[in-house]
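Asks:
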Amino acid sequence: MRDCAWFGEISRLDVSLAGGKGANLGDMAQAGHPIPPGFVICAPAFRKMLECSGLDLSIDELMQGLERNNFNQLQEIEHQARHLVESAPFPDELRSMVNEAYRELGDHVPVAVRSSATAEDCASASFAGQQETFLNVVGQEQLLQAIQRCWSSLYTPQAMFYRVQNGFDTCQVSMAVVVQKMINSEKSGVIFTVDPVLRNHFQMVIEAVWGLGEGIVSGTITPDHYLVDRETCEVISEFVPEKQIMITKDRPGGVQTTPVPADRVARPVLTPGELRQLVDLGNKVERHFGSPQDIEWGIEGGQIYLLQSRPITSL
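Position in the sequence shown (from 1) plus 4 gives the number in this note's numbering.
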């Protein structure tokens with residue numbers, strides 16, 4: 005069982021190793037889709053850390069008698085479990101592996117660090133938004149801290165509730181962590197390769213904001229909304245609201261909320277050419293996985309990058 009693997013070494017068959025997010029990224033990277041380079045700290049490394057520190061028994065004991073509708077209990081378990089994981093010593097051997105892989109990405113290169121649970125992004129439950137992501141992480145120590153915080157996010161109240169609600173044994177689900185070179189997106193958004201509201205398989209929904217896509221994920225920014233014919237690329241309808249704020253990289257790390265330049269507030273985020281490219285990429289990714297997909301993307305320097313893809317489970 006591996007502790008660390010590059011995207012090119014894993015595929016969609018490796019969910020138990022890389023989690024749903026990591027496995028799908030590896031699969032797309034191997035297929036030649038435009039994925040920023042990165043690696044995965046695999047789920048066995050998390051389990052090994054728990055066992056070596058003796059936390060596996062402590063956390064399993066916390067989970068006994070978990071009641072999904074008892075919010076006070078969920079909060080108390082979160083407080084204890086996350087403190088245990090985040091304060092545990094980082095295993096020396098794994099630290100060396102992570103630092104070596106990080107150096108291969110570049111010298112102090114900014115990275116996105118994303119939780120990738122072994123139960124997420126399956127056909128019946130997406131687990132979207134249930135664990136945490138840390139953007140613009142810079143430096144080895146900051147990376148190690150972000151990894152431990154991703155591990156501990158397995159025990160947020162919403163993640164525990166969602167697992168119990170969907171019939172997953174909360175003691176058996178493990179956590180991998182994706183470390184991906186950070187794209188400094190001028191534009192970001194999502195593609196739903198099938199209209200998830202009308203369930204129309206001939207139409208695609210694309211949403212877009214200025215800056216990083218965290219504004220869409222968090223719900224703080226109302227995005228441009230395009231309904232597009234997936235064969236002809238004809239725009240069937242579009243909604244372009246005024247966008248007063250955007251999320252951008254901060255220094256020396258993390259993200260910040262900044263005003264949108266005045267000349268972009270009411271301007272559509274995407275050009276017709278970019279819309280066509282996104283429709284084409286959405287069709288290719290759906291064909292690749294064989295099912296409708298929810299895809300996150302970003303544009304830097306005119307290049308479109310795919311940041312993750314998961315099945316749409318609401319159809």
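Glycine is no exception: its CB is placed at the ideal position from the N, C-alpha and C atoms.
1) Have a look at ASN73, ASN103, ALA270, GLN146 and flag the residue whose alpha-carbon is nearest the alpha-carbon of ALA163.
2) If you draw a straight line from the C-alpha of GLY110 to the C-alpha of LEU59, how long is it?
3) Thinking C-alpha only, which one of VAL209, VAL117, HIS87, ASP199 is nearest GLY258?
4) State the start and end residues of the unbroken alpha helix (DSSP H) segment that holds LEU29.
5) Restricting to Cα atoms, I'd like to know which of VAL44, ALA47, LEU88, ALA49 is closest to GLU65.
6) Could you check whether ARG314 and SER178 sit closer than 7 Å to each other, using their CB atoms as the reference points?
7) Based on the DSSP secondary-structure assignment, which residues constitute the bridge partners of HIS229?
8) Using DSSP with H/G/I as helix, E/B as strand and the rest coil, what is ARG255?
9) Using DSSP's beta-bridge definition, name the partner residues of ARG314.
10) Who does CYS8 pair with in a DSSP beta bridge?
11) Which class does PHE138 belong to by DSSP, given the choice of helix, strand or coil?
12) Considering PHE206, what are the terminal residues of the alpha helix (DSSP H) in which it resides?
13) I need the DSSP call for SER119, collapsed to helix, strand or coil.
14) Take PHE196 as the anchor and find which of LEU158, ASP284, THR236 has the nearest alpha-carbon.
15) In this structure, how does DSSP classify ILE249 when only helix, strand and coil are distinguished?
16) Among the residues of its own chain, which have a CB less than 8 Å from the CB of PRO93, if the five just before and after it don't count?
Replies: Let's see:
1) Counting from 1 along the sequence shown, the entry for residue 163 is found at position 159. It is ASN73 whose Cα lies nearest to the Cα of ALA163.
2) As a working mapping, residue 110 is identified with position 106 in the sequence shown. As a working mapping, residue 59 is identified with position 55 in the sequence shown. Approximately 33 Å between the Cα atoms of the pair.
3) Position 254 of the sequence shown, counted from the first residue, corresponds to residue 258. Checked all of VAL209, VAL117, HIS87, ASP199; the closest Cα to GLY258 is VAL117.
4) Here residue 29 is taken as the residue at index 25 of the sequence shown, counted from 1. Start and end: 19 to 34.
5) Residue 65 sits at position 61 when you count from the first residue of the sequence shown. The residue with the shortest Cα to Cα distance from GLU65 is LEU88.
6) Position 174 of the sequence shown holds residue 178. Position 310 of the sequence shown holds residue 314. Contact flag unset, no.
7) Here residue 229 refers to the residue found at position 225 when the sequence shown is read from its first residue. Here HIS229 is bridged, per DSSP, to GLU211, PHE243.
8) Your numbering for residue 255 matches position 251 in the sequence shown. The answer is coil: DSSP assigns ARG255 none of H, G, I, E or B.
9) Working through the sequence shown from its first residue, we reach residue 314 at position 310. Paired residues: ASP298.
10) The residue you call residue 8 lines up with position 4 of the sequence shown. When DSSP reads this structure, CYS8 sits in a beta bridge with ILE45.
11) What you label residue 138 is simply residue 134 of the sequence shown in a count that begins at 1. Reduced to three states, the DSSP call for PHE138 is strand.
12) Indexing the sequence shown from 1 puts residue 206 at position 202. Secondary structure note for PHE206: it is in no alpha helix (DSSP H), with a DSSP letter that is neither H nor E.
13) As a working mapping, residue 119 is identified with position 115 in the sequence shown. SER119 falls in the strand class under three-state DSSP.
14) By one-based count along the sequence shown, residue 196 stands at place 192. For PHE196, the nearest C-alpha among the options comes from ASP284.
15) Along the sequence shown, one-based indexing puts residue 249 at 245. Strand.
16) Position 89 of the sequence shown, counted from the first residue, corresponds to residue 93. Correct list, in chain order: SER57.
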